Amino acid sequence: MREAEHVPVLIVGGSVSGLSTAAFLARQGVACRLVERRGRPAWHPRMSDVGPRSMELFRSLGIEERLRALDEGRESVIIRVDRLAGREIERLSMGGPEEYGGLTPTGQVWCDQDQLEPVLRARAEELGADIRFGVELVGFTQDEAGVRAVLRDTAGGGEHTVTASYLVACDGAQSPVRERLGITCDGPGVLSHQAGILFRADLSSALRGRSFVLCLVDDLVDSATGDRLNILLERNLGRWTLSVPCDAARGEGAADFTRERCVDLVRRAVGQDDLSVEVLGTDVWPMRALLAERYRSGRVFLVGDAAKVLPPTGGFGGNSCIEDAHNLAWKLAAALDGTASPGLLDSYEAERRPVAQLLLRESVARAGLFLAGAAQGGSRQPGDGPSKAGVVLGYRYNSGALIPDPGPADPAPVEDPRRPSGRPGTRAPHVVVERHGRTLSTIDLFGPGFVLLTGSRGTAWQRAAAEVAGDLRVDLTAYRVTPPRPSASAGGAAGDAVLLDVEDRWTGAYGVGDGGAVLVRPDGFIAWRRPAEEDRPGDALRDALVRLLRPSGAPSTAGGPPRTLTVTADASATAPAAS
Numbered sequence: 001m002r003e004a005e006h007v008p009v010l011i012v013g014g015s016v017s018g019l020s021t022a023a024f025l026a027r028q029g030v031a032c033r034l035v036e037r038r039g040r041p042a043w044h045p046r047m048s049d050v051g052p053r054s055m056e057l058f059r060s061l062g063i064e065e066r067l068r069a070l071d072e073g074r075e076s077v078i079i080r081v082d083r084l085a086g087r088e089i090e091r092l093s094m095g096g097p098e099e100y101g102g103l104t105p106t107g108q109v110w111c112d113q114d115q116l117e118p119v120l121r122a123r124a125e126e127l128g129a130d131i132r133f134g135v136e137l138v139g140f141t142q143d144e145a146g147v148r149a150v151l152r153d154t155a156g157g158g159e160h161t162v163t164a165s166y167l168v169a170c171d172g173a174q175s176p177v178r179e180r181l182g183i184t185c186d187g188p189g190v191l192s193h194q195a196g197i198l199f200r201a202d203l204s205s206a207l208r209g210r211s212f213v214l215c216l217v218d219d220l221v222d223s224a225t226g227d228r229l230n231i232l233l234e235r236n237l238g239r240w241t242l243s244v245p246c247d248a249a250r251g252e253g254a255a256d257f258t259r260e261r262c263v264d265l266v267r268r269a270v271g272q273d274d275l276s277v278e279v280l281g282t283d284v285w286p287m288r289a290l291l292a293e294r295y296r297s298g299r300v301f302l303v304g305d306a307a308k309v310l311p312p313t314g315g316f317g318g319n320s321c322i323e324d325a326h327n328l329a330w331k332l333a334a335a336l337d338g339t340a341s342p343g344l345l346d347s348y349e350a351e352r353r354p355v356a357q358l359l360l361r362e363s364v365a366r367a368g369l370f371l372a373g374a375a376q377g378g379s380r381q382p383g384d385g386p387s388k389a390g391v392v393l394g395y396r397y398n399s400g401a402l403i404p405d406p407g408p409a410d411p412a413p414v415e416d417p418r419r420p421s422g423r424p425g426t427r428a429p430h431v432v433v434e435r436h437g438r439t440l441s442t443i444d445l446f447g448p449g450f451v452l453l454t455g456s457r458g459t460a461w462q463r464a465a466a467e468v469a470g471d472l473r474v475d476l477t478a479y480r481v482t483p484p485r486p487s488a489s490a491g492g493a494a495g496d497a498v499l500l501d502v503e504d505r506w507t508g509a510y511g512v513g514d515g516g517a518v519l520v521r522p523d524g525f526i527a528w529r530r531p532a533e534e535d536r537p538g539d540a541l542r543d544a545l546v547r548l549l550r551p552s553g554a555p556s557t558a559g560g561p562p563r564t565l566t567v568t569a570d571a572s573a574t575a576p577a578a579s
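Under full-length UniProt numbering, the first residue of the sequence shown is numbered 1, with each subsequent residue one higher.
Next comes the structure, spelled out in C-alpha cells:
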C-alpha cells in the first residue's frame with residue numbers, strides 16, 4: 001500500500017452532486033480530489049431540468065453558455081393525451097419565462113444529465129480539481145485531526161491511503177458512506193417503482209409540431225402490471241424516455257423489460273403500431289422520498305442524494321444537489337483557510353435540511369397527483385402550496401450563517417420572489433444595474449467572497465469595509481448603488497458611482513434606504529443588513545462578520561494563508577450582461 005497523501009477535501013461520488021462540489025470548491029481555491037468507482041459517466045439522461053437557481057450558480061462558474069448551447073428548445077409544458085398521436089386532453093405550464101421572467105438574469109435550461117456531467121467535470125478540472133474515475137472508497141476512519149480513507153483502483157491498480165481535512169459524501173441515494181456512519185433516513189419511502197425506457201424513434205407525425213417536457217399518457221395500460229402511471233419525456237439528441245410502472249412485488253427488474261416488450265409499450269404510448277423503435281437501454285428505479293436525520297458526522301458531510309431523495313415530480317432533486325454543494329463549498333473554504341472557525345460548518349445542515357423538508361413535501365404532493373393517475377388530473381400542481389418560482393427562488397434560511405433583523409421572526413420557509421423582502425436568509429434579489437454603460441445583474445456580483453452593497457450615501461460603509469476586511473482577512477467587495485440619475489445629495493457625481501440602479505428597484509428589493517447596507521454571502525444569500533446609516537459603521541460590520549464566521553466565539557483553528565482581499569468601488573468588467 002502506497003504511503004498516504006493529503007488532500008484538503010476528498011469527494012466520494014462523481015455524478016452531479018460530486019462534480020458540482022468539486023467545481024465550486026476549486027473556484028474557491030480549495031484543492032480537492034473526487035473519486036468515482038465507475039469508469040465512465042452515467043449513460044442515462046435522468047435529470048434534464050436545470051433550473052434558474054442552478055443556472056445562476058453555473059453562470060458564476062462560467063459555464064452558462066456551454067449548457068445553453070445544449071438546450072434544443074423544448075417548450076416548458078406538460079401535456080396530457082390519450083395517446084401521443086391521438087387526443088390532447090390538457091396542457092399546463094412547467095415553468096419557463098412565464099414563471100421566472102424578471103426574477104433572474106438567466107433561466108432554466110433543458111440539458112440531460114449525461115450532457116451536463118461532462119461539462120461540469122471539464123470545468124472542475126479547468127479550475128484545478130483532481131477528478132479520478134475508476135477509483136472507489138474502500139473504507140475510512142476519522143478523528144479530530146482529519147479523515148483517513150482507503151481507496152482502490154477498480155481496474156486492479158491496488159489500494160492506497162489518502163488523508164483529508166474533510167470528506168464529502170456525494171455517493172447517491174444508497175450512500176455507503178451514510179450507511180457506514182449509521183445515519184438513518186426517514187420519510188414516506190418508496191412511492192412507486194418505475195422503468196425508464198430510453199429510445200429513439202421518429203415521432204414527428206404523432207407530435208404534429210408540438211414540443212413538451214413531459215407527456216402523460218392516459219390509455220396505456222401495461223398488461224403485466226395493469227397500472228396507468230405512464231410518462232413520455234422528450235430528451236436531447238433525438239432521444240425519448242417512456243417511464244412505466246414496474247412490479248417490484250414480483251421482483252420485476254430491467255431483464256423483464258425485453259426489447260420486444262419495450263417496443264410494444266412505446267408503440268402503444270405513441271399510438272402507432274408500426275413505429276420503428278431503437279431501444280437504447282432500460283433503467284429500473286424506485287421513486288422514493290427520504291431525508292437523512294443528519295447531514296454531518298464529524299468531518300464527513302452528506303450532499304445531494306446522499307442527504308435526501310426526492311421523487312422527480314417538480315424537478316427539484318438534481319437542482320437541490322447543486323445548491324447543497326454550493327452552500328457547503330464556501331463554508332469549507334472559509335474553515336480551511338482560516339477565515340472562519342469550524343463552527344461555521346454547522347450552518348450547512350441548519351440551512352439545507354429545512355429546505356430539503358420543503359422540497360420533499362412539495363415533491364410528494366405533486367407525486368401524489370401523478371400517482372392518482374393522469375385521468376384524475378395528475379398533471380396539476382397542488383393548489384395550496386407555494387408557486388414553482390417560490391420554491392425555486394424564494395426559499396429561505398431561518399437559521400444558520402445569518403443575523404436576523406431585530407423584531408419578531410417570520411418562520412415561513414418561502415417568500416414570493418416577486419415581492420422580495422431583502423431579509424437575512426433570503427436569496428439576494430436580481431436587480432438590473434449599470435456600470436459605464438454595461439448592463440449586468442446584482443446576481444453577477446456574488447461569489448466567491450462576501451459583497452457589501454450600500455445605498456447612494458454609503459461611502460462611510462465602503463471605508464468601513466476596507467478597514468474591517470483588512471483586519472479580519474476576509475475577501476470582501478464593497479459596491480455603492482445610486483439611482484439612475486444621482487443627485488448631488490447622493491454623495492458624488494454620476495461618474496463616481498459604483499453601479500446605477502437602472503430600474504430604481506434596489507432599495508425596495510433589498511429593504512434598505514440610501515444610507516443602508518446589505519451584506520451578501522459568497523453563495524448569494526443575504527447574511528445581514530442595516531436599513532439606515534450607522535454612527536459607527538465599522539463596528540457594526542465587524543461585529544456582523546465575526547458573528548457569522550466565528551459562531552462559537554472561538555478563533556479559527558484551520559490555519560493557512562489569508563484569502564484574497566478585494567475592496568473595490570467597481571463591478572467586474574468581465575461580468576456577463578443581464579438578460
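Just so it is clear, CB atoms sit at the ideal spot from N, CA and C, and this is done for glycine as well.
These figures come from a predicted structure and were not determined experimentally.
Reduced DSSP secondary structure (H/G/I, E/B, other) of residue i
i      : result
ASP346 : helix
PRO392 : Note that residue 392 corresponds to Val in the displayed sequence, not to Pro. In this structure, VAL392 counts as helix in the three-state DSSP scheme.
MET287 : strand
HIS160 : strand
TRP528 : strand
CYS321 : helix
VAL270 : helix
LEU465 : It is worth fixing the name first, because residue 465 is Ala in this sequence and not Leu. Here ALA465 sits in helix by DSSP.
VAL414 : strand
PRO97  : helix
ARG200 : strand
ALA401 : coil
HIS436 : coil
ALA145 : coil
HIS193 : strand
Nearest-angstrom Cα separation, counted from residue j out to residue i
i      : j      : result
GLU467 : GLY538 : 7 Å
PRO8   : LEU137 : 16 Å
HIS160 : PHE140 : 12 Å
ASN327 : ALA334 : 12 Å
VAL502 : TYR479 : 15 Å
ASP475 : PRO176 : 36 Å
ASP155 : GLU125 : One point to set straight first is that residue 155 is Ala, not Asp, in the sequence displayed. Rounded to the nearest angstrom, the two C-alpha atoms are 22 Å apart.
SER205 : ALA129 : 46 Å
ARG366 : PHE316 : 11 Å
TRP285 : PRO531 : 50 Å
MET94  : GLU362 : 14 Å
VAL520 : ALA527 : 6 Å
LEU445 : LEU34  : 28 Å
GLU72  : ARG239 : 12 Å
ARG27  : ALA350 : 24 Å
LYS388 : TYR295 : 25 Å
Neighbourhood of residue i by C-beta distance below 6 Å, restricted to the same chain and skipping five residues each side
i      : result
ARG66  : VAL119
ALA356 : LEU291, LYS308
ASP82  : ASP218, ASP219
Residue burial classification, residue i (beta-carbon count within 10 angstroms, cutoff 16)
i           : result
residue 588 : Within the shown structure, residues of the chain are numbered from 1 to 579, placing residue 588 beyond reach of any answer.
PRO311      : buried
ALA43       : Note that residue 43 is Trp in the sequence shown here, rather than Ala. Exposed: under 16 other Cβ atoms inside 10 Å.
GLU56       : buried
GLY226      : Legend: pLDDT at GLY226 = 47, less than 50; position of this residue unreliable, value from coordinates given subsequently. It counts as exposed.
GLN115      : buried
GLY516      : buried
VAL12       : buried
SER276      : exposed
LEU10       : buried
LEU344      : buried
GLY470      : exposed
ALA169      : buried
PRO90       : The question names Pro, but residue 90 is Glu in the sequence shown. When all chains shown are included, GLU90 counts as exposed.
GLN462      : buried
Neighbourhood of residue i by C-beta distance below 8 Å, restricted to the same chain and skipping five residues each side
i           : result
GLU278      : PHE199, ARG200, ALA201
ALA554      : Low local confidence applies: a pLDDT of 46 at ALA554 is under 50, so the model's placement there is unreliable, with the coordinate-based value given in what follows. SER341, GLY343.
VAL213      : SER48, ASP49, ARG74, GLU75, SER76, VAL77, ILE78, MET94, TRP110, LEU233, GLU234
ASP405      : ARG423, PRO424, ARG529
residue 653 : This structure cannot speak to residue 653, because the chain is shown only from 1 to 579.
7 Å CB neighbourhood of residue i in its chain, flanking five on each side removed
i      : result
ARG427 : LEU393, GLY524, PHE525
PRO188 : ALA289, VAL364
ALA23  : LEU61, LEU120, ARG123, ALA124, LEU127, ALA129
Task: Every unbroken beta strand (DSSP E) inside the segment 39–93 [3 residues or more] - done: 77–81, 88–93
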